[in-house]
Amino acid sequence: MAMATQNPVVQKKVIIPNKYGEKLVGILHETESPDIVILCHGFRSTKEDNTMVHLAAALENGGFSAFRFDFAGNGESEGSFQFGNYWREADDLRSVIQYFSEANRTIRAILGHSKGGNIVLLYASKYHDISTVVNVSGRYDLTEGLVERLGKDFMQRIKEDGFIDVKNKTGSVNFRVTEESLLERLSTDMHEACLHISKECRVLTVHGTEDQIISSSDAVKFSKIIPNHKLHIIEGCDHGYTQYQGDLASVVLDFIKGASSVQQGSTG
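What follows is the structure in structure tokens.
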């Protein structure tokens, strides 16, 4: 791990409006470095997720400021939770990036875990203003993983009822999946999107071999189509990086530092 920065890190809450007028709530780890990394949580998660918190701490130790925030409808942010919502969350990320850019911060990287990995890749495919992207355990094919979550007959049920309520073990409703939101996920083509990521954009994909939620084979598929890509597979690691937060942080920090030195060299 790199030496800690000289200035004490201050954590402060920052509220950023998205393009729909909803307030996005995040925590800024302020090292007083102008260089900042934006962290994006996964499905039904928040900025308080272990991976987000550990990565923010590792980044601040490495001399970067970090910002972890809740997408609309999640955590402390305004809005209602929606299944799918991939491009809308990319819009949320756009609002966050514009906020810090206008504050004269340099966005050194955007990083997402799980669904957040998809969001940062989609962002990079649509906007070409970020030169370093980190995809941590993102899903390659968004038509997969639905049977496990919604049941085998999910398409028939949603056409009959217009929605599916996903319940927990006690029978309480965790969240509702509407037909519109399901179709949005099914129509989000990660393969097609990744073909539009600039060759100038450096992408790191990290994945664990013991991920039971999204297979590490997805990471290999990303590596085959993203032009400027580095793949790092962590042996024995699960989807939540339970025993591997240090390994993840080390790989991520090395990549972002390497990419930053290249950026600074090209602009210096």
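Oh and the sequence shown: position 153 is 1292 in the working numbering, straight run, nothing missing.
Don't be surprised by glycine CBs; every beta carbon is placed ideally from N, CA and C.
The DSSP-derived three-state label of I1297 is helix. DSSP lists D1174 as the beta-bridge partner residues of T1245. A Cβ-Cβ separation of about 5 angstroms places S1276 in contact with S1253 under the 8 angstroms criterion. Membership of A1263 in the alpha helix (DSSP H) is indicated by the continuous run K1254 to K1265. Within a 10 Å sphere around the beta-carbon of D1280 sit fewer than 16 other beta-carbons, which makes this residue exposed. The shortest C-alpha to C-alpha distance from A1211 to any of R1183, Q1237 and I1395 is the one to R1183. Note on geometry: alpha-carbon atoms of H1368 and S1362 lie some 6 angstroms from one another.
In the DSSP assignment, T1317 falls within the unbroken beta strand (DSSP E) covering V1312 to T1317.
In the three-state scheme derived from DSSP, where H, G and I count as helix and E and B as strand, Q1384 is classed as helix. Counting the other CB atoms within 10 Å of its CB gives A1242 a total below 16, which places it among the exposed residues.
Here V1148 is not near L1167, since their CB atoms are 7 angstroms or more apart.
Boundaries of the beta strand (DSSP E) around D1304: F1302 to K1306.
In the same chain as Q1351, and ignoring 5 residues on each side of it, the C-beta atoms closer than 8 angstroms to its own belong to D1377 and H1378, in chain order. In this structure, S1320 sits near Q1221, with a CB-CB distance shorter than 7 angstroms. If you ignore the 5 residues before and after V1235, its C-beta comes within less than 8 angstroms of the C-beta of I1155, L1163, G1165, I1177, F1206 and F1208, all in its own chain and listed in chain order. Pairwise C-beta distances place the segment 1188 to 1205 out of contact with the segment 1282 to 1300, as fewer than three of them are shorter than 8 angstroms. Note on D1231: 16 or more other CB atoms within 10 angstroms of its CB, so buried under the neighbour-count rule. Take F1302, set aside five residues on each side of it, and the residues of its chain with a beta-carbon closer than 8 angstroms to its own are R1315, V1316, T1317 and E1318, in chain order. Contact between A1248 and C1340 fails: their C-beta atoms lie close to 10 angstroms from each other, not under 8 angstroms.
If only uninterrupted beta strand (DSSP E) runs of at least 3 residues are considered, those enclosed by the segment 1332 to 1397 are 1341 to 1347 and 1368 to 1373. G1251 is bridged by DSSP to C1179 and N1274.
Within 10 angstroms of the beta-carbon of D1328 lie fewer than 16 other beta-carbons, which makes it exposed. Nearest to S1326 by alpha-carbon distance, out of T1344, T1282, L1260 and I1395, is T1282. Listed as beta-bridge partners of A1205 by DSSP are H1168 and V1176.
With contacts defined by Cβ atoms closer than 7 angstroms, N1213 and T1185 form a contacting pair.
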